[in-house]
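S.K.: Quick one: the structure is below, questions incoming.
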Amino acid sequence: MKIYLNKKFNKFSKNDLIDNYLSIKLSLGHIPSITEFQLNSNISANLYINSFGSWYDFLDVMNDLTSQQKNYPTIVTSFLEFLEKTKMTKSYKMGLFLSVFDEDLKKETSLVKIINNFKNIYKELPFKSDFIGKKFKDLEEWKNHEYEILLLSFPIKYLTANKETKKFFQFINNNFILDENLYFYIKYNNTILEEVMDRINFRILYYFKN
84 MKIYLNKKFN KFSKNDLIDN YLSIKLSLGH IPSITEFQLN SNISANLYIN SFGSWYDFLD
144 VMNDLTSQQK NYPTIVTSFL EFLEKTKMTK SYKMGLFLSV FDEDLKKETS LVKIINNFKN
204 IYKELPFKSD FIGKKFKDLE EWKNHEYEIL LLSFPIKYLT ANKETKKFFQ FINNNFILDE
264 NLYFYIKYNN TILEEVMDRI NFRILYYFKN
């Protein structure tokens, strides 16, 4: 059983973290994605993020960035770091992201599409386990309106309400809108899309393991 240690219990030096990473890398035979690392390490990737600033920064220290990664624009590295660090008391933000970052990624995603995707995501475990409590007792009977209220009150509101997140997202006329440059890089660079999904999957894995 893996032990995902919190920062306050961190007794590992940077050298300890590096040694652990090198062991995982050797075992896998390649540079691990952050999700791969989380699945195979007894030390959470969160400790690397806390100690080095971001997973990207850690890979830079290790000289394990590809030539393409080294040339990522700031908007991309900032967004990857945001995904790693954004606060989560519920999984709703990740459910929203899974509803937006699909194979048919658009700069603007309608609220209707997000609701339909979100409903399907939260019908299944582990996401379904996040819908607990009295207000979800009639979840099977929920209509689109109830999901709309939840999305507008929590993930969409948070993601479009402050300077840190407004540089990535807007919500206008019932459309969730990605920054134009961020959209361009993710849409037309499959490696960047894979990295975005890797960060989302890492956060989902960590959230439901703790």
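Its first residue numbered 84, the sequence shown is counted upward by one per residue in my numbering.
Built from N, CA and C at the ideal position, the CB exists for glycine as well.
Since we're looking at a predicted model, the values are computed, not measured.
Three Cβ pairs or more, each shorter than 8 Å: is that satisfied between the region 177-197 and the region 278-292?
M.R.: They touch, by the three-pair rule.
S.K.: What does the alpha-carbon distance come out to for the pair threonine 157 and leucine 222?
M.R.: For threonine 157 and leucine 222, the distance between alpha carbons rounds to 41 Å.
S.K.: Measure the Cβ-Cβ separation of methionine 145 and tyrosine 104 and say whether it is below 8 Å.
M.R.: Yes, Cβ-Cβ distance for methionine 145 and tyrosine 104 is below 8 Å.
S.K.: Classify phenylalanine 259 as helix, strand or coil using the three-state DSSP reduction.
M.R.: Strand.
S.K.: Tell me whether valine 195 is buried or exposed, calling it buried when 16 or more other Cβ atoms sit within 10 Å of its Cβ.
M.R.: Exposed: under 16 other Cβ atoms inside 10 Å.
S.K.: What does the Cβ neighbour count give for proline 209, buried or exposed, with the cut at 16 atoms within 10 Å?
M.R.: Under this definition proline 209 is an exposed residue.
S.K.: Within 10 angstroms of its Cβ, does glutamine 121 collect 16 or more other Cβ (buried), or is it exposed?
M.R.: Buried, because 16 or more other Cβ atoms sit within 10 Å of the Cβ of glutamine 121.
S.K.: Look at the alpha carbon of arginine 286 and the alpha carbon of threonine 243, and state the distance between them as a whole number of angstroms.
M.R.: Answer to the nearest angstrom: the Cα atoms are 20 Å apart.
S.K.: Do phenylalanine 251 and leucine 265 have their CB atoms nearer than 8 Å?
M.R.: Yes.
S.K.: If you draw a straight line from the C-alpha of serine 174 to the C-alpha of tyrosine 290, how long is it?
M.R.: Each residue's alpha carbon lies about 7 Å from the other.
S.K.: Here's the rule I'm using: 16 or more other beta-carbon atoms within 10 Å means buried, otherwise exposed. How should threonine 118 be labelled?
M.R.: The residue in question, threonine 118, is buried, as its Cβ has 16 or more Cβ neighbours within 10 Å.
S.K.: I need the straight-line Cα distance from serine 116 to asparagine 203, nearest angstrom please.
M.R.: The alpha-carbon atoms of serine 116 and asparagine 203 are separated by roughly 27 Å.
S.K.: Specify, as a first and last residue, the run of the alpha helix (DSSP H) that glutamate 119 falls within.
M.R.: Where glutamate 119 is concerned, the enclosing alpha helix (DSSP H) stretches over 117-123.
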